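Q: Pasting in a structure now, in structure tokens, and then I'll have a few things to ask.
Number of protein chains: 2
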Amino acid sequence: MSVTIQDVAKAAGVSVGTVSRALNNYADISENTRARIIRTAQELGYHPNLVARSLSTKHPRSIALILSGFLEETIINDFETMLMKGCYQFAFEHGVDISIHVINSAIQRRKSYEQLCYEHNISGAILFGLKTTDPYCEALADSKRPCVTIDTEVKGPHVSNVTLDHIAAFDELTQYLISQGHRRIVLVHGRKEAMVSMERLAGAYQAMERNGLQLTHDRIIYTNFLREEATQGVLDYFKTHAPDDVTAFLCMSDMLAIGVIEALKRLGRRVPQDYSVVGYDGLDVTNYTDPRITTVDQNIKEKGYEAARLLLDMLEGRRQAQRLVLPHILTVKDSVRRIG
Amino acid sequence: MSVTIQDVAKAAGVSVGTVSRALNNYADISENTRARIIRTAQELGYHPNLVARSLSTKHPRSIALILSGFLEETIINDFETMLMKGCYQFAFEHGVDISIHVINSAIQRRKSYEQLCYEHNISGAILFGLKTTDPYCEALADSKRPCVTIDTEVKGPHVSNVTLDHIAAFDELTQYLISQGHRRIVLVHGRKEAMVSMERLAGAYQAMERNGLQLTHDRIIYTNFLREEATQGVLDYFKTHAPDDVTAFLCMSDMLAIGVIEALKRLGRRVPQDYSVVGYDGLDVTNYTDPRITTVDQNIKEKGYEAARLLLDMLEGRRQAQRLVLPHILTVKDSVRRIG
DNA sequence: GCCGGTTCCGAAAACGTTTTCGATTCCGAT
DNA sequence: ATCGGAATCGAAAACGTTTTCGGAACCGGC
């Protein structure tokens, strides 16, 4: 069907091994034959079968992007896509090939991490969407295979983390609200058990405390990161609280901010004239809402790029496992009004 | 490292071939040994190495999702993600494994379609984002490998298309505007050369003509599907046209509609009170804009699901190559006002 | 002309499967 | 008892690479 390495070998009058070494830049080939082999390979339109290579080689440059929870409905699409873009960007620039694998918690229980890697000849992986309770977290720590987790804290001799300082970022976001004169702040909280929620909560506490404010329990609206819950939560909130009980809503995600704005609109209030709202994530959609939402950009595309770079460096022994903290970006838009 | 088929064979006291046949439901195995082999395989935690299988087998159940233009900035993320979700949904339900490959026009020129498939042992592919001028279009038509294109019309003995009737859909969208009393309609056009644009244009013409209206050239704003161009286009339009020259904007994509609304807001006009706007695609973001945008839902997730189903059916000989037209859904929201 | 050391390349093993082919066993029928 | 054929399984080729090992050829130096 297609042209294999033996076709090239035959055409060039050498053995398959020689062709392989010539094309893979081995040293023990005379420049003469190397050039000839490269030429005939080009003439025949030869490209190596990556599957066969993957099966054979001991040092494959093939890395995997493993997405957990991708199929769940609550998941924001933009994250995965941006991540993919970042990874592929790096992959294109450096000639590595990336495979994508979609899993969930159930699959993790059925098939071990090592098995998954073994099945697909994965030499190193980037993992996204892992919950701290997921089976793979332990597996990563024990594995000899280098890997990079994104936004999930896992420790192990061969596991790196790419993340950003969510505590500092949420602190900064909170501080921004305060600096704009807001004192009565309601926190719209994500899933209680989620690590990402807890970090952001810590950041909020930190900033409030520093400014002599306190975050009382009745000023927190709990959600599961679902937009509708934020809407309902705000509607409920005003049933038991006076309108001027709050001036700003501090949301743990952009989607929650959208939900909050929706509720405020239903109540006939305007943003940011009557209430200020901030989000977190930096989704594209925050540019298209009315008003555009002030948020913290997680810079997820760069996370993907840096994760891929870090993983390749680990695979090729240039870098140790490490925790890589990327900068976040407070993006001021139109959903906050200066008051007081 | 991991447990291979020979480990199972040794443990069960049979040959590797027997293990393979036992696990793959071949007939010529006594139920006795089959049960024993399955049991030991389970005990050892054996999972087949899919790479090796892919290299060896003649009838692989592995299909690929090939995304072209994924890295380009103008691309809407939601499309690819939704498509992936649909494909994976089907894959999970039917135990096939999907690999994702990201390409662009440049890669298409450098590496042939057959080569790409050969490299990754792809037995059948779903292709998205293909332009009619792309090299792969011809390649698909000539290939013996079954494939499914999404929204790109390609004819060939083994190529199916999954699409929706864009002409009818845009006709319906236009008709809806007209039925709401709109007579003076401006069309916000996508990339002129793109097939998708031409189909939508045809639908608009068709509906206008049926209602005794005409779509004059000066009533068309051309863009490259970029939001900013739509904004600028509308701003420019009103420099040379009176405000009441138009009552509705008919946009070829949701992003263009967002751009139009942005322009109208800048001009101090309200939607839908002063002008009506409709989009096309059914992106999630149309639910979060203000107002929510009336649009045609392309139902892209189902496209992915159906494409995967169709491809597997073709691979296993249950269905011929065909053109599959999925239903579209006119989703009426808040961006159109009834007038007249 | 012989020898030690490079330089270059071919032969073949290895990766883990699937699948063909043929060999063995077993059984009932002749 | 012999045979035909079915049932069951083992041996080995095949998939297309990479990589190890060793052998040939060549070289300069003695």
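Note that the protein sequences, when read in sequence, are chains A and B.
Position 124 (the first sequence) corresponds to 210 in the numbering used here; numbering is contiguous.
Position 50 (the second sequence) corresponds to 136 in the numbering used here; numbering is contiguous.
Glycine is no exception: its CB is placed at the ideal position from the N, C-alpha and C atoms.
Keep in mind it's a predicted model, so treat the numbers as computed, not measured.
What residues from chain A crowd round Y174/B, counting only those whose CB sits closer than 8 Å?
A: Within 8 Å Cβ-Cβ: F156, L157 and V188.
Q: Go through the stretch 205-258 of chain B residue by residue and report every complete run of the alpha helix (DSSP H) that reaches 4 residues or more, in order.
A: If we require 4 residues or more, the alpha helix (DSSP H) runs fully inside the stretch 205-258 of chain B come out as 221-228.
Q: Return the residues of the stretch 379-403 of chain A that lie within a Cβ-Cβ distance of less than 7 Å from chain B, sorted by chain order.
A: Per Cβ criterion, the list is empty.
Q: Which residues in the same chain have their Cβ closer than 7 Å to the Cβ of A97/B, if we skip the five residues on either side of it in sequence?
A: So the qualifying residues of the chain are T126 and L130.
Q: With a cut-off of 8 Å on the beta carbons, I'd call G276/A and T317/A a contact; round off their distance for me.
A: That belief does not hold up - the Cβ atoms of G276/A and T317/A are roughly 15 Å apart, past 8 Å.
Q: Closer than 9 Å between beta carbons: that is the criterion. Which residues of the stretch 329-363 of chain A meet it against chain B?
A: Correct list: M341, I344, I347, E348 and K351.
Q: Could you tell me if A150/B is buried or exposed, where buried requires 16 or more neighbouring beta carbons within 10 angstroms of its beta carbon?
A: That one is buried.
Q: How close, in whole Å, do the beta carbons of K241/A and A227/A come, if the pair is a contact with beta carbons under 8 Å?
A: So it is a contact: roughly 6 Å between Cβ atoms.
Q: Assign Q266/B to one of two classes, buried (16 or more other C-beta atoms within 10 Å of its C-beta) or exposed (fewer than that).
A: With 16 or more other Cβ atoms within 10 Å, it is buried.
Q: Helix or strand or just coil, what does DSSP make of R409/B?
A: DSSP places R409/B in strand when its eight states are reduced to three.
Q: What does F335/B pair with, by DSSP beta-bridge criteria?
A: According to DSSP, which records beta bridges pairwise, F335/B is partnered with V272/B and V363/B.
Q: For V188/A, which option in S191/B, I189/B, A192/B and D183/B has the closest C-alpha, if you only look at C-alpha atoms?
A: It is D183/B.
Q: Output the boundary residues of the alpha helix (DSSP H) element that contains Y291/B.
A: Segment M281 to R296, the alpha helix (DSSP H) holding Y291/B.
Q: Measure the CB-CB distance between G215/B and H252/B and report whether it falls below 8 Å.
A: No, these two residues do not count as a Cβ contact at 8 Å.
Q: With a 10 Å radius around its C-beta and 16 neighbouring C-beta atoms as the bar for buried, classify K278/A as buried or exposed.
A: K278/A should be labelled exposed.
Q: Whose Cβ in chain B lies nearer than 8 Å to the Cβ of D376/A?
A: Within 8 Å Cβ-Cβ: K351, T375 and D376.
Q: Using a 10 Å radius around the Cβ and a threshold of 16 neighbouring Cβ atoms, would you call S148/B buried or exposed?
A: Buried, since its Cβ has 16 or more Cβ neighbours within 10 Å.
Q: What residue range does the beta strand (DSSP E) around Y308/A cover?
A: Element bounds for Y308/A: I306 to Y308.
Q: Starting from Q201/A, find everything on chain B with Cβ-Cβ shorter than 8 Å and list it in chain order.
A: By Cβ distance, chain B contributes S88, G131 and H133.
Q: By the criterion of Cβ-Cβ separation under 8 Å, what are the contact partners of L136/B in chain A?
A: Result: E205 and H206.
Q: Residue range of the alpha helix (DSSP H) that L66/A falls in?
A: An answer regarding residue 66/A cannot be provided, because it is not within the stretch 87 to 426 covered by chain A.
Q: Under the three-state reduction of DSSP, which class applies to D399/A: helix, strand or coil?
A: D399/A falls in the helix class under three-state DSSP.
Q: Within this structure, are the beta carbons of I212/A and A394/A separated by less than 8 Å?
A: In contact: I212/A and A394/A (Cβ atoms closer than 8 Å).
Q: Taking the DSSP output, what are the residues bridged to T417/B?
A: Bridge partners of T417/B: T381/B.
Q: Please report how far the alpha carbon of G99/A lies from the alpha carbon of T218/A, in whole angstroms.
A: Near 56 Å, if we compare the C-alpha coordinates of T218/A and G99/A.
Q: Count the other CB atoms within 10 Å of the CB of E158/A; is the residue buried (16 or more) or exposed (fewer)?
A: Classification for E158/A: exposed.
Q: Would a C-beta distance cut-off of 8 Å place I415/B and D383/B closer than the cut-off?
A: Yes; because the gap between Cβ atoms is below 8 Å, this pair is in contact.
Q: Quick test of the definition: if touching needs 3 or more C-beta pairs under 8 Å, does the stretch 329-338 of chain A touch the stretch 359-370 of chain A?
A: Yes, since at least three Cβ pairs between the stretch 329-338 of chain A and the stretch 359-370 of chain A fall closer than 8 Å, the two stretches touch.
Q: G390/A: which of F165/A, Q128/A, M400/A and A121/A sits nearest, CA to CA?
A: Among F165/A, Q128/A, M400/A and A121/A, the Cα nearest to that of G390/A is on F165/A.
Q: Where does A177/B sit, in a helix, a strand or coil, going by DSSP?
A: Of the three classes helix, strand and coil, the one that applies to A177/B here is helix, per DSSP.
Q: On a Cα-Cα basis, can you pick out the residue from L259/B, V411/B, A328/B and E179/B that is closest to I386/B?
A: Checking every option, the nearest Cα to that of I386/B belongs to V411/B.
Q: Under 7 Å between beta-carbons, which chain B residues line up against S421/A? List them in chain order, please.
A: In chain order: nothing, as chain B lies at least about 12 Å away.
Q: Quick one: Cα of E295/B to Cα of V282/B, how far?
A: Going from the Cα of E295/B to the Cα of V282/B covers about 20 Å.
Q: Since L151/B sits in a beta bridge, which residues does DSSP pair it with?
A: Paired residue(s): I186/B and I212/B.
Q: List the whole-angstrom C-beta distance separating N247/B from T235/B, where the pair is believed to meet the contact cut-off of C-beta under 8 Å.
A: Contact flag correct, Cβ pair sits at about 5 Å.
Q: Leaving out the 5 sequence neighbours to the left and right, which residues in its chain are closer than 8 Å to N207/B when beta-carbon positions are compared?
A: Within the same chain, N207/B has close Cβ partners S140, L141, P146 and S148.
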